[in-house]
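Q:
Protein chains: 4
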Amino acid sequence: MGNTFGQLFRVTTWGESHGGGVGAVVDGCPPRLALTEADIQPELDRRRPGQSSITTPRKEADAVQILSGTFEGKTLGTPISLVVKNEDQRSEAYTEMAAKFRPSHADYTYQAKYGIRAWPGGGRTSARETIGRVAAGAIAKKLLRERWGVEILACVECVQHLHCHVDVDKLTLAQIEANIIRCPDPVVAEKMIALIEQVRAQGDSVGGVIVGVARGVPVGWGDPVFDRLEADLGKAMLSLPATKGFEIGSGFGGTLLTGTHHNDAFRNVDGQVRTTTNRSGGVQGGISNGETIYFRVAFKPTATVFHEQETVDVNLQNTTLKPRGRHDPCVLPRAVPMVEAMTALVLADHALRHEAQCGGRAEVES
Amino acid sequence: MGNTFGQLFRVTTWGESHGGGVGAVVDGCPPRLALTEADIQPELDRRRPGQSSITTPRKEADAVQILSGTFEGKTLGTPISLVVKNEDQRSEAYTEMAAKFRPSHADYTYQAKYGIRAWPGGGRTSARETIGRVAAGAIAKKLLRERWGVEILACVECVQHLHCHVDVDKLTLAQIEANIIRCPDPVVAEKMIALIEQVRAQGDSVGGVIVGVARGVPVGWGDPVFDRLEADLGKAMLSLPATKGFEIGSGFGGTLLTGTHHNDAFRNVDGQVRTTTNRSGGVQGGISNGETIYFRVAFKPTATVFHEQETVDVNLQNTTLKPRGRHDPCVLPRAVPMVEAMTALVLADHALRHEAQCGGRAEVES
Amino acid sequence: MGNTFGQLFRVTTWGESHGGGVGAVVDGCPPRLALTEADIQPELDRRRPGQSSITTPRKEADAVQILSGTFEGKTLGTPISLVVKNEDQRSEAYTEMAAKFRPSHADYTYQAKYGIRAWPGGGRTSARETIGRVAAGAIAKKLLRERWGVEILACVECVQHLHCHVDVDKLTLAQIEANIIRCPDPVVAEKMIALIEQVRAQGDSVGGVIVGVARGVPVGWGDPVFDRLEADLGKAMLSLPATKGFEIGSGFGGTLLTGTHHNDAFRNVDGQVRTTTNRSGGVQGGISNGETIYFRVAFKPTATVFHEQETVDVNLQNTTLKPRGRHDPCVLPRAVPMVEAMTALVLADHALRHEAQCGGRAEVES
Amino acid sequence: MGNTFGQLFRVTTWGESHGGGVGAVVDGCPPRLALTEADIQPELDRRRPGQSSITTPRKEADAVQILSGTFEGKTLGTPISLVVKNEDQRSEAYTEMAAKFRPSHADYTYQAKYGIRAWPGGGRTSARETIGRVAAGAIAKKLLRERWGVEILACVECVQHLHCHVDVDKLTLAQIEANIIRCPDPVVAEKMIALIEQVRAQGDSVGGVIVGVARGVPVGWGDPVFDRLEADLGKAMLSLPATKGFEIGSGFGGTLLTGTHHNDAFRNVDGQVRTTTNRSGGVQGGISNGETIYFRVAFKPTATVFHEQETVDVNLQNTTLKPRGRHDPCVLPRAVPMVEAMTALVLADHALRHEAQCGGRAEVES
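Chains as they are written, first to last, in my numbering: chain A, 1 to 366; chain B, 367 to 732; chain C, 733 to 1098; chain D, 1099 to 1464.
(1) So what does DSSP say about D:Asp-1321, is it helix, strand or coil?
(2) Among C:Glu-861, C:Trp-880, C:Lys-874 and C:Pro-763, which one has its Cα closest to the Cα of B:Gln-477?
(3) Have a look at B:Thr-621 and D:Gly-1175 and give me their C-alpha separation to the nearest angstrom.
(4) Cβ of A:Gln-65 less than 8 angstroms from any chain D Cβ?
(5) Taking the straight line between their C-alpha atoms, what separation do you get for C:Ala-1094 and A:Ala-98?
(6) Which word fits C:Thr-1052, buried or exposed, when buried means at least 16 other C-beta atoms lie within 10 angstroms of its C-beta?
(7) Given B:Asp-598, which residues of its chain have a CB within under 6 angstroms of its CB, disregarding the five upstream and five downstream residues?
(8) Can you tell me which of the three DSSP states B:Ala-728 falls into?
(9) Measuring alpha carbon to alpha carbon, tell me which residue in A:Asp-185, A:Ile-152, A:Asn-179 and A:His-327 is nearest A:Val-166.
(10) Could you check how far apart the C-beta atoms of D:Ala-1363 and C:Thr-1043 are, in whole angstroms? I think they sit under 8 angstroms.
(11) Which residues in chain B sit within 8 angstroms of C:Glu-748, going by Cβ to Cβ distance?
(12) So with Cβ pairs under 8 angstroms, would you call B:Glu-721 a contact of chain D?
(13) Listed from N- to C-terminal order along the chain, which residues in the segment 594-605 of chain B have their beta-carbon within a distance smaller than 9 angstroms of any beta-carbon of chain A?
(14) Report the residue from D:Gly-1388, D:Gly-1384, D:Pro-1427 and D:Thr-1168 whose alpha carbon sits nearest the alpha carbon of D:Thr-1375.
(15) Which chain B residues sit within Cβ distance under 9 angstroms of C:Gly-772?
(16) In the structure shown, what three-state DSSP assignment does A:Pro-306 receive?
(17) Is the Cβ-Cβ distance between B:Ala-404 and B:Arg-499 less than 8 angstroms?
(18) Comparing the C-beta of C:Gly-752 with each C-beta of chain B, is any distance below 8 angstroms?
(19) Could you confirm whether any beta carbon from chain B is found closer than 8 angstroms to the beta carbon of A:Leu-144?
(20) By how many angstroms is the C-alpha of B:Ser-447 removed from the C-alpha of B:Ala-506?
(21) DSSP on D:Thr-1176, reduced to helix/strand/coil?
(22) In chain order, which continuous runs of the beta strand (DSSP E) of length 3 or greater are located wholly inside the segment 1374-1441 of chain D?
(23) Residues bridged to C:Ala-906 by DSSP?
(24) Taking just the CA atoms, how far does D:Asp-1267 sit from D:Asn-1366?
(25) Given a cut-off of 8 angstroms on the beta-carbon distance, is the pair B:His-384 and B:Gly-586 in contact?
(26) Under 8 angstroms between the Cβ atoms of B:Met-708 and B:Gly-372?
(27) Report the option in D:Lys-1398, D:Asp-1143 and D:Arg-1108 whose CA atom is closest to the CA atom of B:Gln-723.
(28) Where does A:Val-217 sit, in a helix, a strand or coil, going by DSSP?
(29) Pair every Cβ in the segment 510-517 of chain B with every Cβ in the segment 558-568 of chain B, then say whether three or more of these pairs are closer than 8 angstroms.
(30) Determine, using beta carbons only, whether D:Val-1123 comes closer than 8 angstroms to chain G.
(31) For chain B, check one thing: does any of its Cβ atoms lie closer than 8 angstroms to the Cβ of C:Met-733?
(32) B:Tyr-460 and B:Gly-416 - do their beta-carbons sit closer together than 8 angstroms?
(33) Check for me: the alpha helix (DSSP H) holding B:Trp-514 runs from which residue to which?
(34) Apart from the five residues just before and just after B:Ala-714, which ones in its own chain have a Cβ nearer than 7 angstroms to its Cβ?
(35) Does any residue of chain A bring its CB to less than 8 angstroms from the CB of C:Leu-1084?
(36) Alpha carbon to alpha carbon, how far is C:Thr-807 from B:Arg-483?
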């Protein structure tokens, strides 16, 4: 029952790596939003394997079909069913993994929890599971952009020790898509790509940090006390495969400041309440304050590396495993659209929740 | 509608700082658990203001009453209503804040979202709101301990730049409660207390990091893909006031390792699957793997500092504010039981979810 | 976990008959609704025991307190905690019931499900449980009336074989409250009262039918396919104690007509789409159509009768039981405000859901 | 957001009559249940149009595909995606309905609510929507039968004024499937079929009553106070198209008895608590008591009749409409598997909820 996200803009994903396909059902999308596959496919293309020299060489078109919920190019207000067929399946690479648990992968915990596991391709633990999220997120993104003018972006800030400076107020999609690692600084991007290629050549992997950004979010989204905006963003990010950490605004670094230096002063700027700094990350008390929302997400190095490692087999005997198959040496470039998608799902849900309880009210009356 | 946490072990909290009281309703607690106020009060005492020289001097007994859900000292399986009356209320300290928004506090966003706000004591944004969580968490903690042998602890790891080493496998409650900052290293604890006293004397505030630990969690808890254990833990922590970040296991630091160094090897130890390291933090693929679960939570410095700061008033005019009243110079010692409580709420919920779907199965059959 | 009703206007009730009290938490109520205890108490007075010669003689003031969620007489948008203390408790009347299961009561099933039961006063199965619903429903009723002009009423249509005609378009509160049985036809009301007094004298009980009415509901409320308006109304009614049936519009009787006679023709009346008949009961395809919503609810005769009956004891031995204590010979007059309350909770929830998904749109553009 | 049913055994349906297909996602099904399309298809065949002379002549194979959630013929504990393609689509029959609202159909309310509607085939309001329910229900049925020995059946009791006696304790699937109307009394069945054929020849339609039965349900399922078993059954049935009423056990008829005659006496029968009568319908206080659960559901006559009727068009002008196309003159025979499916979904959900909260406990200890 953990496969549904959101209360009002509600997404249920389904699908294993090597079954009939993967997909999602979006329930609660407002009616009369213009929507065709062409709104969704570009996001899936950003997520697709085989898109560049630093991603897995698997080739899958990941072509999305909308099976329901639209009529004459507009949403109906009924559930939108999104399906992507599975294609390039090679179970043989997984034969050994059928019998042995990959270290730091979900093989063992799935087997222990469910007493059964679809080992070809990793089953539900495959990154293919995120296709449904990205497809649903594309709809949420469009809704947010068209109805509230919200813009959502993500980019790679760090690959292992390499990092760049991200200006969250000026970041553009063009900057992000200008290189295959999706880092807005072209100089650092070169180094990151070189590092990943070197690591891949060694059969190893690296992780890093993605920055997520939402601009133009009106004041008032977020639902304390438990469904604070940062809590739901944190959950969304930590539900993505390979994530180990989340921080919003000043984050862990903010703990080094005193309150007087950390606080964001309010100022009236052209009749609007603004903050002079943005250590809050666009959220105060769990509610958006009108400033840019930004956060960082830590992705661990890919667990599947091509070195021999100690592990146990399904009979719990000690053994070693040297994985084969096709895997990303670094998940970050393909994770960028996932971070954007999950951000969009959180914000679309909270936008509708705010409409419901507060009638869309979003400003202090003066 | 954001005031309920959990699917099966479900907690709804209510209450403003200066209203009739605060409390929680716990729905879904299994029947026949021995439970009286004496099981709950000690946790509230750890959370209470005025407990030491480094917390706010407000004096509130925070005595909890169980109004329903138990009979002859045992739970009935019906909702448990927990109430704590409000006592030491001094609205006058808040008079200025009625008209001016405190920087980096939730005053402005609440006013903007709801068009109304209970300014005395901060209303629902007061730390008093967490009383209901801590009371409910005490029940979850007892259930987890008695039924599954799970032990939950939290402690202060860092106050600003001061930090100690926490051994998550050996940490004890006695170590934590041995000093008023709740840091298990007595030497660092002394320095932390001195720092907080110095900061308080300056009318300023500091933040830091709390480590949360759950030991004895069986294999199999967690509900991918969205309700991964770390995702729900992250949400739980980020729903606490003043939090800015969450990381599990190796966290952000883990992004500096390559996959071969980051992976946790599996070994059969006395017939059980164990990992030789625990960079995963006890969770793989969103499901507990039987190792110690541990994570870190960043708390920002308290927003209410006694310096004059720039802000706007409720008419959106620029002004300055120098807050008065009684506030914690550092929320961490009182946040320790909050982190434990939220951890317990997440785990109790997932324990019941696992019973429901998998019938309590938690081991690979060999 | 079955003690919460609603998705957006969300009510959680708690409380046993003989514990510390009963109450409810309302989460999701929009902010800035004028609200004090005086808005709620009159509904509780209509539900109160001892209000007339044909209800149980128990005397309880059932005075409600609002502990949170309002400030200066207006709702805050935060959870509203409602509490009513328990007062007139006489456990001794229940001593025998501690050991024996009352036929057609919930004693046995609660004991079997939970392995424990609060036998004094029937615990959670007592009609006192509905206090929280009626209190929460009073808030929903006010919201519906003030924001959408919706009027909600219920009345007794049948007591056993005695029934009156109810004109759902003209029914008034004054008619309903004109007599103690709450039947709008004063002549039939006299007979109903006489019947109940006669049945009570015999130590027996009777049931009957309540008609529920909602007028002024705009077109568009209801959320197919599962959360159709009539499905949620049906669930709401069947969640009330002692209910055995629900029908909307033509109901079971409508199965005797052919389609041509059953259909409601549409007509444009002064620019509005209206139906010339209303066999649909104000709902088509699960969505309100702007006509009066009306439905019927069957209440069985009170299970606690003062005759000796065959039953088993808690050791599963055959025995007989002749209940004592104070009970209603007919639940209907006190159930009228319960039906109204549950109707209000369903409609308030769907009103907010419609705002969220469809932005309050409620008319065909022409 | 109204397209999901259940808390733990959770079904989301999607699909319009004339889009790419219809289907469902089942989340929360326990792992290791043997499951292939062959377990589901027979139920869809019972629901399929064109199955007999008294159903709509549309021809659709309604062949189900399982796209995810199983591996080597067993459930994985992950979401099960079920898809049925749309085939025999003839939009031209609906051209007139594009411009005019069918009386007592959902055309108008959908248009008013959403501001858009998929008129071909009725879109989401088509009976095709129930394919997803029946497919998901087949899984729930199998789970209930294999794990708890629960048997679920439904049959036609009444068509208009014709009715038969149903013995809910002895009813068999063979009796039900012995004739095309699915009435267990072969003599009455003949008359019902003749009536439907006559009505169809007149271009008219009829409704009736279906009895639903669940045998072998253990004591203890149901979750008061709001999620009583009969409340969730009632909601489930009233969420089916064309339903107008629901009653459990003695239902509306039970209001004619006094309490002494209505009560079900308890007796110890071979060490088990049984009732000597079953006016409760297998549920007391919202919780199953171990007796046969039975209830009745009223279905109105099909709204689409081939007579000229008064209505309005999409410009709100008065007009008349004489529908064309292929429709069932009586929905009952095809609704029988729908009633069974929804019963199974309710019970599977409550079975898992009981496991979660009460650890499967289902008997009084003696």
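Glycine included, C-beta positions come from ideal geometry on N, C-alpha and C.
Only a predicted model underlies this, so the values are computations on that prediction, with no experimental measurement involved.
A: On the basis of the coordinates in this document:
(1) strand
(2) C:Pro-763
(3) 31 angstroms
(4) yes
(5) Low confidence applies here, because C:Ala-1094 scores a pLDDT of 46, under 50, leaving its location unreliable and the question unanswered by this model.
(6) exposed
(7) Val-712
(8) Any reading at B:Ala-728 must be qualified, since the residue scores a pLDDT of 47, below 50, and its modelled position is unreliable; no value is offered.
(9) A:Asp-185
(10) 6 angstroms
(11) Ser-434, Gly-435, Phe-437, Leu-442 and Thr-444
(12) yes
(13) Arg-594, Glu-596, Ala-597, Asp-598, Leu-599, Gly-600, Lys-601, Ala-602, Met-603, Leu-604 and Ser-605
(14) D:Gly-1388
(15) Position check: residue 772 of chain C holds Ile in this sequence, whereas Gly was assumed. Neighbours of C:Ile-772 on chain B: none; closest Cβ ~14 angstroms, over 9 angstroms.
(16) Rather than Pro, the amino acid found at residue 306 of chain A in this sequence is Phe. Coil, per DSSP.
(17) no
(18) yes
(19) no
(20) 14 angstroms
(21) coil
(22) 1391-1397, 1407-1410 and 1416-1419
(23) According to DSSP, which records beta bridges pairwise, C:Ala-906 is partnered with nothing at all.
(24) 19 angstroms
(25) no
(26) no
(27) D:Arg-1108
(28) coil
(29) no
(30) Annotation note: the requested chain G is absent from the structure, which comprises protein chains A, B, C and D.
(31) yes
(32) no
(33) 496-514
(34) Phe-375, Ala-506, Leu-509 and Leu-510
(35) yes
(36) 9 angstroms
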